[in-house]
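Protein chains in written order, with this note's numbering: chain A, 12 to 112; chain B, 23 to 189; chain C, 36 to 402. Report on the following structure.
Next comes the structure, spelled out in structure tokens:
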């Protein structure tokens, strides 16, 4: 759900790119965060909490709250609200606390 | 009650409404600003000397209705979108109400739109007579709406175009 | 990059306060480095689409993002201002070294003066299911909508009728999103009433003395139960209402982001009127740790217009303490102080004034 016209703002979007969310191909724009691209594609559940397995979504969107931790290109606990999306990137739902390889 | 609902009361409005005689004379700015906040762009916008300079930036704006020519510069400058221009001399039956507008779609001239009051209640369908863009920097549009004389102090916005993000 | 970066004035945070501090210190001749966690300067200003209040001195009438761009532009043209974006401050050490992280690299900075302008973070409230996807801080909604051009959902319940709740509701309407209601636990609207009136005439109900009882849904929000509060802030049985919304936006206040102040051993005091723990400081914004200044929301949550003036004041004061601007600095300081008292003089500034008074009275008491 992207805003195409706005009474005050103009949105300059970068080049269109594709990345993967749990193996599924998703389109985004260069320069935007993973969270933004996932949100635009309607993905709101980003993972589940380690103990009670409750769904986790975006909360602060500026890197403060750690609600949006995911595995990005194999690295766990990435704050996807501040990490930029890249062509071909593999973004995966994280189960538990994440395992450093 | 304004501070519980966001809707100015009749008593609030009395303090900023010019006389019927003045309204009939021609366009005049109505400053619906009822709370002391640190803000003064309206006083600087007015080139007619109608909006009096403030002693303290927290003062409420003070209007000299006789000096106001209804030019509408203050309307486009007010950060609170709280200034309207009402012209009771437009015709025998109709008054012209100018409202600041920052939504999409922007209505077209001669388009029929639904006018609403300060609570968002629909008051009827009225014709847009003129549209003025605030320009690339200011961006606030001014919409000229012809409304029945008795609604001149009631109509304060138009119904929004609705949600544009289905699915 | 050298192993230890030496600089006269280090500014932590590139929002309205930090940018104004940088410009002011550089104008007096001091060498300035701004470090900013985000990859862009401007802080929350760049997300504000409404016209600002205040006077011409604080760019009143310009929209927040326009002011942000202006301040960024101002700093980028100054040779004395260096900017490290994407850089997170990690710690302030006893020997005065500040450490930071950029692209996984550990950096060390040795400033002569430090200005902390880290802003604030959003508060949370408790209710069942408050952790469900679809519940956002108001800042997140602004970031999604106004930075990325993405709407958070279809229909929103806004919690909080302070300026942020009112402004973000208006921004949602501008982006074509439906706002079901704004609820506020207090008996009156906390934000500017002109903002409230703007939203009210767009048909959005503002329900004071109302709170959220719970959110519900499966994997994400599908609705909320709200209820009315009596004069003792207790829920009134039978007043529950079920709102079908897919977004709940929390605008329940901010708390100063003071971790660095605590860590630097500044004397801190809890002042509710300033929204949390804030560092004790003198009129010129220098804390109890000599050479460490604060400006903006980190020193007490206020409007951006005050943050800009505080930034300027801290910048002037830091540069002056390094013997820059000997002839003009006292006059500039006095001007900034006068602007601050002007902004805080009215009823809207009362809370801040009370908070500052309390803070100064607490003085040596500690926390």
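The C-beta atom is built at its ideal place from N, Cα and C for all residues, glycine as well. The model shown is predicted, which means the values in this text are computed figures rather than measured ones.
Where residue 64 of chain A falls: helix, strand or coil (DSSP): Look at residue 64 of chain A here: in three-state DSSP terms it is coil, with no helix or strand label.
Inter-residue spacing [alpha-carbon to alpha-carbon] between residue 52 of chain B and residue 171 of chain B: One C-alpha to the other measures close to 16 Å.
For residue 104 of chain A and residue 58 of chain A, the rounded distance between their alpha carbons: 5 Å
Proximal residues to residue 249 of chain C (C-beta, below 8 Å), its chain only, five neighbours per side dropped: Non-local beta-carbon contacts of residue 249 of chain C in its own chain, meaning distances under 8 Å to residues more than five positions away in sequence, involve 162, 163, 164, 259 and 260 in chain order.
Closer than 8 Å to chain D by CB, residue 12 of chain A: As a matter of chain content, chain D is missing from the structure shown, whose protein chains are A, B and C.
Beta-carbon gap between residue 50 of chain C and residue 83 of chain C smaller than 8 Å: no
Given residue 24 of chain A as reference, the closest of C:40, C:176, C:372 and C:185 once Cα atoms are compared: C:185
Partners in chain A for residue 209 of chain C, counting only beta-carbon separations shorter than 8 Å: 17, 18 and 19
Alpha-carbon to alpha-carbon, residue 179 of chain B and residue 38 of chain B: 18 Å
Burial state of residue 111 of chain C (16 or more Cβ within 10 Å): exposed
Residue 483 of chain C and residue 310 of chain C closer than 8 Å at C-beta: Residue numbering for chain C in the displayed model covers 36 to 402; residue 483 of chain C lies beyond these limits and cannot be assessed.
Residue 63 of chain B, enclosing alpha helix (DSSP H) - first and last residue: 63-67
Rounded straight-line distance, which links the Cα of residue 63 of chain C to that of residue 31 of chain B: 51 Å
Residue 307 of chain C - DSSP class collapsed to helix/strand/coil: Judged by DSSP in its simplified three-state form, residue 307 of chain C adopts helix.
Whole-angstrom distance between residue 332 of chain C and residue 292 of chain C, CA atom to CA atom: 8 Å
Cβ-heavy atom distance, residue 381 of chain C to the ligand HEM, below 7 Å: Here there are no bound small molecules, and the ligand HEM is not part of this structure.
Inter-residue spacing [alpha-carbon to alpha-carbon] between residue 167 of chain B and residue 121 of chain B: 8 Å
Three-state secondary structure (DSSP) of residue 111 of chain B: DSSP places residue 111 of chain B in the coil class of the three-state scheme, outside both helix and strand.
Every unbroken beta strand (DSSP E) within the stretch 153-202 of chain C, with a cutoff of 3 residues, ordered by chain: 155-157, 170-172 and 190-194
Nearest-angstrom Cβ-Cβ length linking residue 394 of chain C and residue 47 of chain C, presumed shorter than 8 Å: Between residue 47 of chain C and residue 394 of chain C the Cβ distance is about 21 Å, and since that is not below 8 Å, they are no contact.
Proximal residues of chain A, C-beta to C-beta of residue 310 of chain C below 7 Å: Simply none; closest approach about 16 Å.
Within chain C, the residues that residue 39 of chain A reaches when beta carbons sit closer than 7 Å: Here the premise fails: no neighbours, minimum Cβ distance about 10 Å.
Whether residue 357 of chain C touches residue 65 of chain C by CB criterion (8 Å): yes
CB contact check: residue 382 of chain C to chain B, cutoff 8 Å: So, interface residue.
Contacting residues, own chain, Cβ-Cβ under 7 Å from residue 278 of chain C (five flanking each side not counted): Contacts found: 192, 215, 216, 258, 259 and 261.
Among A:63, A:18 and A:69, the one whose alpha carbon lies nearest that of residue 54 of chain A: A:69
Limits of the unbroken alpha helix (DSSP H) element including residue 324 of chain C: Residue 324 of chain C -> no alpha helix (DSSP H), and no H or E assigned at all.
As assigned by DSSP and simplified to three states, the class of residue 395 of chain C: helix
Chain-ordered chain A contacts of residue 168 of chain C [CB-CB under 8 Å]: 55, 56, 57, 66, 67, 68 and 69
Per-residue contacts from residue 198 of chain C into chain A (C-beta, under 9 Å): None at all; the shortest Cβ gap to chain A is about 18 Å.
Residue burial classification, residue 157 of chain C (beta-carbon count within 10 angstroms, cutoff 16): With a 10 Å radius around the Cβ and a threshold of 16 neighbouring Cβ atoms, residue 157 of chain C comes out buried.
DSSP bridge partner residues for residue 38 of chain A (one or two, in chain order): A:29
Inter-residue Cα distance where the pair is residue 92 of chain C and residue 73 of chain B: Looking at the two C-alpha atoms, the distance is approximately 19 Å.
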